[in-house]
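> The structure follows.
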Amino acid sequence: MDTRKEENELHLLGGSTVYKQDYAPEVLEAFTNKHQGNDYWVRFNCPEFTSLCPITGQPDFATIYIDYIPDVKMVESKSLKLYLFSFRSHGAFHEDCVNIIMKDLIRLMDPKYIEVTGIFTPRGGISIYPYCNYGRPGTKYEQLAEQRLFNHKQ
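Position in the sequence shown counted from 1, then plus 5, gives you our numbering.
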C-alpha cells in the first residue's frame, strides 16, 4: 500500500494529542489491512482503563483486552488509546463499557471476529469481568464466537 494513502486515512498519528473529556467514538480511526488474505489475531491490552459508576460517580478501574481478526480495516492504536481514555469521565456500568467498545469497533472496522474483556478491580469486595464477542454472521467466525462464548472462563 502507498504510504501517502495511509497518511490520508490517519489524522491523529504524529499530531498533538487532545484528550476528550467524555465518551468520544468519533476519535476512532482505521487503516487498510495489508494482509487481508490472512486470518490473524490482533490484541490490545489497556491496563489503565477508567470509567465512572453511573450511579455513584465513583471511578472504576480495569484492564481492557480487545482481540480481533481483521478483514479490510484495522483500528489505529493512538486513536484507540484516545477513545478508551474518553471513558474516564463517562458514566457506564462495566458490562456497558465492554459492549459499547465492541459495537463501536465493529462499526469502525467490520472485523471478521472481535471480543472485548474487562477485568475490573474490586469495589465493595466484588470483581466483575464482563466479556462480549461477535463473529460475522453466516461465517465460520460466527461459529467461533458461539464456541468462545459458551466455553468462556475467566
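Even glycine gets a Cβ: it sits at the ideal position worked out from N, Cα and C. Note that the structure is predicted; figures quoted are calculated from it, not measured.
So F92 and S132 are supposed to be a Cβ contact under 8 angstroms. How far apart are they, rounded?
Between S132 and F92 the Cβ distance is about 18 angstroms, and since that is not below 8 angstroms, they are no contact.
> Across which residues does DSSP place N138 in a beta bridge pair?
BP columns for N138 point to E120.
> Once you ignore the five residues that flank H157 on each side, which residues in its own chain have a CB closer than 7 angstroms to its CB?
For H157, where only same-chain residues beyond five positions count, the Cβ hits under 7 angstroms are Y136.
> Cutting at 6 angstroms between CB atoms, please list the residues of its own chain near F66, excluding the five before and the five after it.
So the list reads T55, T126, once near-sequence residues are dropped.
> Can the beta-carbon of V162 be found closer than 7 angstroms to that of N138?
As shown, the chain starts at 6 and ends at 159. That puts residue 162 outside it, with no answer to give.
> Secondary structure at A35, three-state DSSP: helix, strand or coil?
Here A35 sits in strand by DSSP.
> Just mark Y45 as buried or exposed, buried being the case when its beta carbon has 16 or more other beta carbons within 10 Å.
Counting Cβ neighbours within 10 Å, Y45 comes out exposed, since fewer than 16 surround it.
> Can you have a look at H164 and say buried or exposed, based on whether 16 or more other CB atoms are within 10 angstroms of its CB?
Nothing can be reported for residue 164, as the shown portion of the chain is limited to 6 through 159.
> Among the residues of its own chain, which have a CB less than 8 angstroms from the CB of I79, if the five just before and after it don't count?
Here residue 79 is Met; the residue named in the question, Ile, does not match the sequence. Once the five neighbours on either side are set aside, the close Cβ partners of M79 are A35, F36, T37, N38, V47, M114.
> How is E151 classed by DSSP in three states: helix, strand or coil?
Three-state DSSP puts E151 in a helix.
> Near I124, what residues of its chain come up, given a Cβ to Cβ distance below 7 angstroms and the 5 sequence neighbours on each side ignored?
Within the same chain, I124 has close Cβ partners A67, T68, Y134.
> Report the option in I106, V121, H40 whose CA atom is closest to the CA atom of A29.
Nearest C-alpha to A29: I106.
> Return the bridge partner residues of V80 from the DSSP annotation.
A35, per the DSSP bridge assignment.
> Hey, K117 and Y146: beta-carbon distance below 7 angstroms or not?
Yes; because the gap between Cβ atoms is below 7 angstroms, this pair is in contact.
> Can you name, in chain order, every residue of its own chain whose Cβ lies under 6 angstroms from the Cβ of D27, other than the five neighbours on each side?
Once the five neighbours on either side are set aside, the close Cβ partners of D27 are S94, H95.
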